[in-house]
Amino acid sequence: MDEQELFEAVTSLVRPGGRELVCGRSGHSAGHVCLAASDAINLSTLLKEFSRRYGQLRNLAMGGYADPKVTERTGLPLLAPFAGELVEMRGWTSGSRWIGCGVVRTGDGEQLVVLVAERAAPSPDAPPEEASWVDPLPCATGGDARDAAQLLGVIKAEVGAELPDDCRTWVQRVIELTGWEPLGISADWDAIEGELGVPLPADCKKLYEAFGGGTFSDSISFLGRDEGVSFDFLTQWRVSLSVDQDSNLGNVSAVDPYEIYAPGGKGLVAWGSTEWADEYCWLIDAERPGDYPVLARSRDGGPWHWYDMSTSEFLYRVLADAEFQPFGIAQYDLGATFQPGSGGPFDGRPL
């Protein structure tokens, strides 16, 4: 396969309801598919493009050493087919599947490999995944901090500028994409976070300070603070929590299999939605403050999708990346705009 065919094949395999994964390679078990890549394809190009499409990569193997801490939840399905053959492996998540790209040893030398593997849905009670694209595997190589820094530099060089590691960069990307002039709104974050019992994601606070609550592309509601009930995330959270805890309304949560977050506990807090009823939330665990994956659910009432990325990165990809499915809207040509929420500091009037 050439690059375009490879990307199309991966997109097809990770799409919700994609076909069963059965590998055709001799000796490989079911649960994954290895894709044949042309010898002309450059590994660095693939890493950049997969990172653009699927977000932060995970460093699973480097220089012939696999991460000894990797588990089923953090990428082991991408390593299992190549015992003793791995040279490099990077991984990404997309819904219920893993995407892997790396290099393996063969009888003729080394070979580029791309695969898609099954990924178990995270349990509501499971802690957030610990593997990260910034983990340079110092323990695997037996090196010190300088070795770790060198390896991290290699990973960043592979990905390039397509994947900034600073959340503020994603906020700036949203600002530039929409052509918005930041408002510099202030908020009493101490009081808000005191009521929640946890700090809010720093980049989401930056988004609010720049935009306030309102609507992106005439379709995506972003919840801020003090923009009236429709765009006030704190008011909506209070109402959702009250409903979720009302025993008269039954024992099944509206966000099943999760619950609405209650101070000191673990659950979901909504920060956005769409006009066609998609839901965007944080999974907040008071025992792990600051570690808030984005969970999103589409309008068809399907499963929750788990994204280990910041609020601003998720929002940017929804607005700008047509391949970011099932939530990307760029293919609909709605335009990247922002309209302040009614009742806000500008009473819904665009600036």
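Numbered according to the UniProt record's numbering, the sequence shown spans residues 1 to 351. Even for Gly, the Cβ is constructed at its ideal location relative to N, Cα and C.
Subject >> Inter-stretch contact (C-beta, 8 Å, three-pair minimum) for the segment 80 to 87 and the segment 26 to 39 >> reply: The segment 26 to 39 and the segment 80 to 87 touch, with three or more beta-carbon pairs separated by less than 8 Å.
Subject >> Cβ contact (3+ pairs, closer than 8 Å) linking the segment 169 to 182 and the segment 307 to 315 >> reply: yes
Original post:
Unbroken beta strand (DSSP E) runs of length 3 or more, entirely within the UniProt domain "Knr4/Smi1-like" (184 to 317): which are they?
Top reply: 214 to 216, 220 to 222, 266 to 274, 279 to 285, 294 to 297, 305 to 307
Subject >> Exposed unless 16 or more other CB atoms sit within 10 angstroms - verdict on Ala322 >> reply: Under this definition Ala322 is an exposed residue.
Original post:
With a Cβ-Cβ cutoff of 7 Å, do Gln339 and Thr215 count as a contact?
Top reply: yes
Subject >> Which residues DSSP lists as bridging Gly109, in chain order >> reply: Thr106
**OP:** Return the CA-CA distance between Gly328 and Leu60, expressed in angstroms with no decimal places.
**Re:** 27 Å
Original post:
What is the rounded straight-line gap between the Cα of Leu76 and the Cα of Leu295?
Top reply: 22 Å
**OP:** Could you tell me the boundaries of the beta strand (DSSP E) in which Gln339 lies?
**Re:** 338 to 340
Original post:
Who are the near neighbours of Asp285 in its chain, counting only those whose CB is closer than 6 Å to its CB and skipping five residues on each side?
Top reply: Excluding sequence neighbours, Asp285 sits near Lys266.
Subject >> Beta-carbon contacts of Tyr208 that lie in its chain and below 7 Å, excluding the five residues immediately before and after >> reply: Only residues of its own chain outside the window of five on either side were considered, and among them Ile185, Ala187, Gly224, Arg225 have a CB closer than 7 Å to the CB of Tyr208, listed in chain order.
**OP:** Check whether the Cβ atoms of Arg105 and Glu85 sit closer than 7 Å, and answer yes or no.
**Re:** yes
Subject >> Contact belief for residue 353 with Trp282 at Cβ below 8 Å, rounded distance in angstroms >> reply: The displayed coordinates of the chain run from 1 to 351. Any statement about residue 353 would go beyond what the structure contains.
Subject >> Cα-Cα separation between Glu195 and Pro263, rounded to whole angstroms >> reply: So the two alpha carbons sit approximately 8 Å from each other.
Original post:
Whose C-alpha, out of Gly63, Ser273, Val198, is nearest the C-alpha of Arg297?
Top reply: Put simply, of Gly63, Ser273, Val198 the residue whose alpha carbon is nearest the alpha carbon of Arg297 is Ser273.
Original post:
Who are the Cβ neighbours of Ser217 in its own chain at under 7 Å, not counting the five residues just before and after it?
Top reply: Leu319, Ile329, Leu334, Gly335, Ala336, Thr337
Original post:
Per DSSP, Ala66 is paired with what?
Top reply: Ala61
**OP:** Name the one or two DSSP bridge partners that Arg90 has.
**Re:** Asn59, Cys101
Subject >> Same chain, Cβ closer than 8 Å to Gly197, five either side skipped, listed in chain order >> reply: Pro263, Gly264, Ala286
Original post:
Where does Arg119 land, buried or exposed, given buried means 16+ other C-beta within 10 angstroms?
Top reply: buried
Subject >> CB-CB length for Val113 against Gly102, believed under 8 Å >> reply: 6 Å
Original post:
Where does the unbroken alpha helix (DSSP H) through Leu21 begin, and where does it stop?
Top reply: Per DSSP, Leu21 belongs to no alpha helix (DSSP H) and is neither H nor E.
Subject >> Beta-bridge partners of Leu35, as assigned by DSSP >> reply: Val114
Original post:
Short check: CB of Ser230 to CB of Glu275, under 7 Å?
Top reply: no
**OP:** Taking Pro289 as the reference, give the member of Val239, Glu193, Gln325 with the closest Cα.
**Re:** Glu193
Subject >> Helix, strand or coil at Ala120 [DSSP, three-state] >> reply: coil
Original post:
Which residues in the same chain have their Cβ closer than 6 Å to the Cβ of Arg22, if we skip the five residues on either side of it in sequence?
Top reply: Before going on, a small fix: residue 22 reads as Val here, not Arg. Same-chain partners within the cutoff: Ala30.
**OP:** Could you pull out every residue in the same chain whose Cβ sits closer than 7 Å to the Cβ of Val14, ignoring the five residues on either side in sequence?
**Re:** Ser94, Gly95, Arg97, Ile99, Val116
Subject >> Close Cβ partners of Gln331 (< 8 Å) along its chain, the five nearest in sequence each way excluded >> reply: Ala322
Subject >> For Gly18 and Trp189, the rounded distance between their alpha carbons >> reply: Each residue's alpha carbon lies about 43 Å from the other.
Original post:
Are Ser38 and Asp2 touching if we call contact CB-CB under 7 Å?
Top reply: One thing to note: Ser38 has its Cβ within 7 Å of the Cβ of Asp2.
Original post:
Between Val255 and the rest of its own chain, which residues show a CB-CB distance below 6 Å, the 5 nearest in sequence each way excluded?
Top reply: Leu268
**OP:** Determine the closest residue to Pro257 out of Trp304, Ser242, Gln245, with distance taken between C-alpha atoms.
**Re:** Out of Trp304, Ser242, Gln245, Trp304 has the C-alpha closest to the C-alpha of Pro257.
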